[in-house]
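Report on one structure; see the data block that follows.
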Amino acid sequence: MLAAWVSPFLGNTTWRPRKQLASTKSSKPLHSHAVSLQNGERQDRSDAPQTSPPSAPTPLLDALVRESRNVRANFFCPGHKQGAAVFPRLREELGDAAFPLDMPELPALDNLFAPEGVLEESQELAADTFTEEGADAWNTFFLVNGSTCGVEAAILSTVRPNRKIVLPRNTHQSAVHALVLTGAIPVWIQPLYDAEHDLLHGVSTESIERALDQNKGQVDAVLLISPTYHGACSDVAAIAAITHKHGAMLLVDEAHGSHFAFHDLLPSSATECNADIVVQSTHKTLSALSQAAMMHVRKSSLSRQRVAASLQLVQSTSPNNLLLVSLEAARALMDEQGEDLMSRSIDIARNCAVRIASLKGFSVLGVENVGMLQKDALGHPYVYALDPTRITVLLPDNITGYDMDTVLIDRFGVYAELPSFKHITFVITPGNVQGDINRLVTALALYEATSGEGLPYLEPEESEPSAGCSSFAEPTGLTPRDAFFSDAEVVDSDEAVGRISAESLCPYPPGIPVVVPGERITRECIDVLRAVLDAGGSVSGASDESLSTMRVVANEDKLNLDMS
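Numbers 111 to 674, taken from the working numbering, label the letters of the sequence shown in order.
Written as structure tokens, this is what we have:
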């Protein structure tokens with residue numbers, strides 16, 4: 111079931127653990143080539159975007175400030191009492207301003223789960239800003255547990271137990287969590303494996319239609335990931351039409367696309383493409399604090415009460431007002447200056463992509479048409495559009511993305527978003543400045559100029575990835591929920607091959623499981639997961655972090671393995 115998408119993790123090079131990074135072609139130090147890029151230099155950010163005096167309404171922020179100044183005796187949580195009992199070092203680093211605003215859901219500050227005051231107004235303003243039709247057509251929910259809880263709530267709201275949901279196999283682990291919670295039956299579809307770039311992209315309209323045709327009357331929803339982590343978008347509008355024709359809901363994980371609504375050179379947001387639920391990580395590409403996200407629900411598709419009830423199952427009952435007000439502030443900033451800020455981001459991203467692509471040994475995904483929106487954006491039908499602010503650098507054969515990530519951090523103070531075996535991805539947002547781009551490009555240019563001297567390297571391996579990674583395995587007949595709650599046993603990982611997994615094994619980031627509960631474990635899976643660990647990555651969900659052992663379903667011969 112997952113074998114078709116394992117191959118992007120398997121390269122044709124041999125990687126080395128980070129602890130062996132001292133192994134190099136030459137002992138010649140790199141610092142002689144990088145005097146202007148010494149770590150510890152303060153980055154010049156004089157060209158950061160200058161924001162104008164605010165004029166957009168901020169009802170929650172206004173209420174927070176007002177209420178914090180009104181407190182004379184504090185007997186509510188949290189225990190630091192608006193900063194009165196805080197570790198001095200933390201106060202020194204954060205300053206005094208934030209703590210007084212860290213207050214609970216006091217009467218004047220509204221209730222996230224039953225908003226009828228400033229939070230209700232703030233969410234309606236967000237619907238007006240982030241959706242074309244506005245609050246008349248959309249309910250917007252603020253999320254403090256990230257897009258993770260949004261995806262979980264979307265599935266909880268739309269898919270009934272023992273009903274089916276169509277979703278790509280490279281879905282985020284949050285969708286797998288929702289399958290466990292709901293008891294829904296997954297209908298996995300294969301995302302496009304782009305062999306030229308060694309990447310997974312979106313899904314085709316044909317694969318969606320085929321899955322719905324083969325499961326007529328059994329599917330409650332389709333989950334789409336658009337954009338992918340690397341910025342590739344599917345034809346959401348066409349998939350919406352197909353989904354609705356079959357009587358199902360379209361849910362879109364748009365975690366990496368919260369900025370799409372603000373510029374014509376960006377892909378269209380799923381809110382403009384007739385989706386029913388759209389989940390966005392406002393913290394990923396805009397200015398909200400980490401964990402802060404939004405969920406937009408079309409009013410004609412689902413009641414507010416149904417979605418709110420689902421969110422209560424997966425979201426904290428003690429929402430942090432700093433996270434909530436950061437969502438409001440992100441909305442206010444984009445409401446006032448969104449197009450200008452995104453124009454600037456697109457410009458410096460184009461500059462970055464073109465300059466990196468000019469370096470010997472490096473290329474950049476989509477550099478031929480950065481910012482161009484048309485079908486076949488990368489020369490094939492599964493990439494309908496590409497986000498020009500997402501820079502995926504395809505690396506020379508003698509270094510992995512993990513090792514390049516280490517080099518960039520340790521030697522240049524440059525931090526990427528996502529390293530992988532053959533590439534490394536950088537996210538450009540309104541918070542980036544041209545100086546950031548210059549530093550990244552110069553660091554890569556030094557690698558090119560020195561041919562990696564003083565840096566880790568890899569020796570090419572003659573063997574190619576296994577041909578067994580070319581097709582999905584057959585379904586086992588166990589849903590993720592059944593496997594998760596089944597009797598399990600712990601076996602040596604080599605003995606786990608061919609057994610049904612009782613746990614989710616997920617390299618993080620990007621948070622896409624290699625093994626889902628209910629799937630059979632293959633040798634390729636184990637090789638991939640071990641390679642991730644050896645390369646310095648991590649695997650979440652494993653009961654044994656070393657992967658020496660794995661949890662598998664016990665007494666498989668006594669189970670009724672029928673998921674049709």
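All residues carry an ideal CB built from backbone N, CA and C; glycine is no exception.
Going along the chain, which residues of its own chain have a beta-carbon closer than 8 Å to the beta-carbon of residue i, five neighbours each way excluded?
i: Arg454; result: Pro159, Pro540
i: Val607; result: Ile631, Thr632, Arg633, Ile636
i: Ser658; result: Asp602, Ser603
i: Leu174; result: Leu211, Met213, Leu219, Asn431, Val435
i: Leu216; result: Glu177, Phe186
i: Ser653; result: Val600, Glu613, Thr659, Met660, Arg661
i: Ser611; result: Ala593, Val625, Val626, Pro627, Gly628, Glu629, Arg630, Ile631, Met660, Arg661, Val662, Val663
i: Leu266; result: Ala288, Leu291, Thr292, Ser420, Leu423, Val424
i: Asn325; result: Lys274, Val276, Val297
i: Val116; result: Its pLDDT being 42, under 50, Val116 is placed unreliably by the model, and nothing is read from it.
i: Thr427; result: Phe223
i: His190; result: Val196, Phe209, Asp212
For residue i, which residues of its own chain have a beta-carbon under 6 Å away from its beta-carbon, when the five flanking residues on both sides are left out?
i: Gly227; result: Asp220
i: Phe240; result: Ala371
i: Thr502; result: His340, Leu475, His533, Thr535
i: Val290; result: Pro590, Arg591, Phe594
i: Glu382; result: Glu242
i: Thr258; result: Ser284
i: Arg609; result: Ile631, Val662
Report back the beta-carbon spacing between residue i and residue j to the nearest angstrom; my notes put them in contact at under 8 Å.
i: Pro498; j: Met514; result: With a Cβ gap of about 22 Å, Pro498 and Met514 do not count as contacting.
i: Met452; j: His373; result: 4 Å
i: Val389; j: Gly244; result: Going by Cβ atoms, the distance from Val389 to Gly244 rounds to 18 Å, so no, they are not a contact pair.
i: Ile538; j: Ile466; result: No, Ile538 and Ile466 are not in contact; Cβ-Cβ is about 12 Å, not under 8 Å.
i: Ala294; j: Lys274; result: 7 Å
i: Gln425; j: Val254; result: 6 Å
i: Leu588; j: Gly628; result: 4 Å
i: Ala236; j: Arg441; result: 5 Å
So if DSSP puts residue i in a beta bridge, which residue, or which two residues, is it bridged to?
i: Asp246; result: Paired residues: none, contrary to the question.
i: Met213; result: Paired residues: none, contrary to the question.
i: Ala495; result: Cys343
i: Val407; result: Asn249, Ile387
i: Asp323; result: None; Asp323 has no bridge partner.
i: Val474; result: Val503
i: Pro529; result: Ile534
i: Asp220; result: DSSP lists no partner for Asp220.
i: Glu274; result: Here residue 274 is Lys; the residue named in the question, Glu, does not match the sequence. Per DSSP, Ile295, Val329.
i: Leu375; result: Bridge partners of Leu375: none, in fact.
i: Asp304; result: Leu309
List the endpoints of the continuous alpha helix (DSSP H) containing residue i.
i: Val290; result: 283 to 292
i: Glu446; result: 431 to 467
i: Asp330; result: Asp330 -> not in any alpha helix (DSSP H); beta strand (DSSP E) instead, spanning 329 to 335.
i: Phe240; result: 228 to 240
i: Ile299; result: Ile299 -> not in any alpha helix (DSSP H); beta strand (DSSP E) instead, spanning 295 to 299.
i: Thr395; result: 392 to 395
i: Ser368; result: Per DSSP, Ser368 belongs to no alpha helix (DSSP H) and is neither H nor E.
i: Pro169; result: 169 to 180
i: Leu204; result: 198 to 204
i: Gly511; result: 511 to 517
i: Gly545; result: 544 to 560
i: Val261; result: 256 to 268
i: Ala418; result: 414 to 424
Ordered along the chain, which non-local residues of its own chain (more than five positions away) have a Cβ less than 7 Å from that of residue i?
i: Lys394; result: Ala365, His366, Ser368
i: Asn665; result: Asp597
i: Gln233; result: Pro225, Thr250, Phe251, Phe252
i: Val524; result: Leu518, Arg549, Leu550, Ala553
i: Lys470; result: Glu558
i: Glu599; result: Val662, Ala664
i: Val145; result: Only weak support is given to the placement of Val145: the predicted model assigns it a pLDDT of 37, under 50, and the question is left unresolved by the model.
i: Asp345; result: Thr315, Tyr494
i: Gly511; result: Leu505, Pro529, Ser530, Phe531, Lys532, His533, Ile534
i: Ser650; result: Cys616, Tyr618
i: Gln484; result: Any reading at Gln484 must be qualified, since the residue scores a pLDDT of 48, below 50, and its modelled position is unreliable; the value itself is stated next. For Gln484, where only same-chain residues beyond five positions count, there are no Cβ hits under 7 Å.
i: Lys350; result: Note that residue 350 is Ala in the sequence shown here, rather than Lys. Same-chain partners within the cutoff: Leu360, Cys383, Asn384, Ala385.
i: Glu527; result: Thr535, Phe536, Val537
i: Val642; result: Pro617, Val649
i: Glu605; result: none
Which residue comes first and which comes last in the beta strand (DSSP E) that contains residue i?
i: Ser648; result: 648 to 650
i: Arg279; result: Neither: Arg279 is in no beta strand (DSSP E) and is coded neither H nor E.
i: Leu360; result: 359 to 363
i: Leu504; result: 500 to 504
i: Thr535; result: 533 to 537
Please check if any C-beta of chain C sits within less than 7 Å of the C-beta of residue i.
i: Ala371; result: The chain labelled as chain C is not found in the depicted structure, where only one protein chain is given.
Check your understanding: Hey, which unbroken runs of the alpha helix (DSSP H) at 4 residues or more fall wholly within the region 583 to 671?
Key -> 590 to 595, 633 to 644
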